[in-house]
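The listed protein sequences correspond, in order, to chains A and B. Heads up: the first sequence begins at 1326 in this note's numbering, then just goes up one per residue. Heads up: the second sequence begins at 1326 in this note's numbering, then just goes up one per residue. Here's the structure we're looking at; comments come further down.
2 protein chains.
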Amino acid sequence: MTATRRSDTKSEILDIAERYWLRQGYNGFSYQHIAQDLGVKSAAIHYHFPAKGDLGVALVERMRRRFVRWAERTDAEIVGFWPRFDAFVAIYEAYLDDGKKLCPSGILDAEYHTIPEGMQEAAHGLTTAILRWLTRALRAGREAGEVSFNGEPEGAAIVVGATLQGAVQIARSLGRDAFHTTVEHLKKLLHP
Amino acid sequence: MTATRRSDTKSEILDIAERYWLRQGYNGFSYQHIAQDLGVKSAAIHYHFPAKGDLGVALVERMRRRFVRWAERTDAEIVGFWPRFDAFVAIYEAYLDDGKKLCPSGILDAEYHTIPEGMQEAAHGLTTAILRWLTRALRAGREAGEVSFNGEPEGAAIVVGATLQGAVQIARSLGRDAFHTTVEHLKKLLHP
DNA sequence: CGCCACCCACTTACTTATTGGTAAGTAACC
DNA sequence: GGTTACTTACCAATAAGTAAGTGGGTGGCG
């Protein structure tokens, strides 16, 4: 008895895995979990992703591609530093509201020493993509006089990235108010 | 054949467990790892900490007590906001330099949904202790005109805490320069 | 002072559950 | 008829945890 044939099992697997991943970390779920949710045997997951590391890399790569597309759309459709900043914050807010997820970078960094090498490299790529966008946004924002900070925009970008990453995490034990408070105060620090 | 009797096995276990914990997370080590490092059988660890959750809670509680003692010493011995701030940053710097560890709060938050309930409560206690100290330090610093921020000191405290937590994490994939850059820019943002 | 029983800090030996992963078979579809 | 997408049936490794045994040190008793 074979199950009904699906066309997009691979992306369904990624969807389910991603939910577990952002909630419980890479080491916090197994092929069994995904298989059960999908109504399939765990060997079927191995058919699409032979080793768990393959799944992990696919997860991170998909996240990066998604962010790059988001960045392109945002840059094209949203003008002004603060609207863009708010759109960026909204990404993290969505993680938080959708079942206390974390941002992928935060999870990848936390588990860094226990994930396969390929995932570590992919993690680096994701972090870099995010920081590059933030750097561009901050540079343009300062040139337009919308935002104020000293030093290189690269440095301010890491501060913003690190703060949001930390804020979603702290919100797990202190509640989502902690996240909003952090964002509000971060904005105040950046206002000219 | 029994091994040579130790007097402080319990704290030796905690020391070894803490190193694994801050490097690889709570789910990233087992009683086997600790036992091997200590030169003992894993059942011996169960003798001191019946369940892994007991070890976990002990780890977090010890961290909290350690921080409270640090805070008391710091408040007594170090005067001025920026020296205190630097002393606080030094804690995170030590994590980073001592084998790419993370700060405990960051790990606890990342694994929040996969750790025992008792650990979650202990995590809340640790985070609260840290933020309370930061809040007091920032309030006093602003009253003395040494530091500048808008709104409640509680909010600024979460920003500082979240930023440092995020910064140690990002440093794992981007290198420790990323941490120092973040701290430098955070200081600039807080300078009057 | 000597002896002995007890207890502490383990070891040995085990269980059950879960993990990632593999090999071979099978049904549906092109 | 072959490829695709699975299932069935395994595997060895590792996890947390338990029960019973053991040996050395110590306190108390005569």
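Cβ atoms here follow ideal geometry from the backbone N, Cα and C, with glycine treated the same way.
Residue interval of the alpha helix (DSSP H) (run including residue i)
| i | result |
| --- | --- |
| residue 1358(A) | 1356-1363 |
| residue 1509(B) | 1501-1515 |
| residue 1402(A) | 1377-1402 |
| residue 1408(A) | 1406-1422 |
| residue 1347(A) | 1334-1349 |
| residue 1370(B) | 1367-1373 |
| residue 1463(A) | 1442-1468 |
| residue 1433(A) | 1429-1435 |
Own chain residues within Cβ distance below 7 Å of residue i, not counting five before or after
| i | result |
| --- | --- |
| residue 1378(A) | 1441, 1443 and 1444 |
| residue 1370(A) | 1338, 1356, 1359 and 1360 |
| residue 1388(A) | 1429 and 1451 |
| residue 1384(B) | 1339, 1342, 1343 and 1346 |
| residue 1469(B) | 1406 |
| residue 1436(B) | 1350, 1351 and 1352 |
| residue 1507(A) | 1488 and 1492 |
| residue 1490(B) | 1428, 1430 and 1431 |
| residue 1497(B) | 1425 |
Close-in-space but distant-in-sequence residues of the same chain around residue i (CB under 6 Å, 5 per side omitted)
| i | result |
| --- | --- |
| residue 1433(A) | 1448 |
| residue 1509(B) | none |
| residue 1488(B) | 1511 |
| residue 1326(B) | Summary for residue 1326(B): the model assigns pLDDT 40, below 50, so the residue's position carries little reliability, and this model does not support an answer. |
Cut-off 8 Å between Cβ atoms - residues of its own chain near residue i, not counting five sequence neighbours on either side
| i | result |
| --- | --- |
| residue 1345(B) | 1353, 1354, 1358 and 1359 |
| residue 1403(B) | 1409 and 1412 |
| residue 1454(A) | 1389, 1392, 1393 and 1396 |
| residue 1517(B) | 1470, 1471, 1472 and 1473 |
| residue 1501(B) | 1421 and 1422 |
| residue 1382(A) | 1441, 1443, 1444 and 1447 |
| residue 1464(A) | 1478 |
Alpha-carbon to alpha-carbon, residue j and residue i
| i | j | result |
| --- | --- | --- |
| residue 1340(B) | residue 1380(A) | 34 Å |
| residue 1457(A) | residue 1334(B) | 48 Å |
| residue 1421(B) | residue 1423(A) | 31 Å |
| residue 1462(A) | residue 1482(A) | 9 Å |
| residue 1521(B) | residue 1460(B) | Since the displayed chain B opens at 1326 and closes at 1517, residue 1521(B) lies outside it and no answer follows. |
| residue 1439(A) | residue 1349(B) | 6 Å |
| residue 1368(A) | residue 1511(B) | 49 Å |
| residue 1485(B) | residue 1362(B) | 36 Å |
| residue 1427(B) | residue 1475(A) | 28 Å |
| residue 1499(A) | residue 1466(A) | 32 Å |
| residue 1505(A) | residue 1414(A) | 10 Å |
| residue 1400(A) | residue 1376(B) | 52 Å |
| residue 1373(A) | residue 1495(A) | 35 Å |
| residue 1513(B) | residue 1503(B) | 15 Å |
| residue 1336(A) | residue 1386(A) | 13 Å |
| residue 1515(B) | residue 1515(A) | 10 Å |
| residue 1480(B) | residue 1425(B) | 28 Å |
| residue 1417(A) | residue 1366(B) | 44 Å |
| residue 1419(B) | residue 1419(A) | 33 Å |
| residue 1398(A) | residue 1398(B) | 51 Å |
beta-carbon residue i near the ligand ATP non-hydrogen atom, thresh 7 Å
| i | result |
| --- | --- |
| residue 1425(A) | In the structure shown, the ligand ATP is absent, as is every other ligand, since no ligand is present at all. |
**Item:** the region 1417-1450 of chain B: positions lying closer than 8 Å to chain A by Cβ
**Value:** Identification of residues in the region 1417-1450 of chain B having a C-beta nearer than 8 Å to some C-beta of chain A yields 1425, 1427, 1430, 1431, 1432, 1433, 1434, 1435, 1436, 1437, 1438, 1439, 1445, 1448 and 1449, given in sequence order.
**Item:** Interfacial residues, the region 1492-1510 of chain B to chain A, with Cβ spacing under 7 Å
**Value:** Within the region 1492-1510 of chain B, the residues whose Cβ lies closer than 7 Å to some Cβ of chain A are 1492, 1494, 1495, 1497, 1498, 1499, 1503, 1506, 1507, 1509 and 1510, listed in chain order.
**Prompt:** Of all the residues that make up the region 1377-1393 of chain B, which are near chain A by a beta-carbon distance shorter than 9 Å?
**Reply:** Correct list: empty, as no residue qualifies.
**Prompt:** If you measure beta-carbon to beta-carbon, which residues of the region 1471-1485 of chain B are closer than 8 Å to chain A?
**Reply:** Listed in sequence order: 1474, 1475, 1476, 1479, 1480, 1481, 1483 and 1484.
**Request:** For the region 1349-1375 of chain B, enumerate the residues whose C-beta is nearer than 8 Å to any C-beta of chain A, in chain order.
**Result:** Under the 8 Å Cβ criterion, the region 1349-1375 of chain B contributes 1349, 1350, 1352 and 1353.
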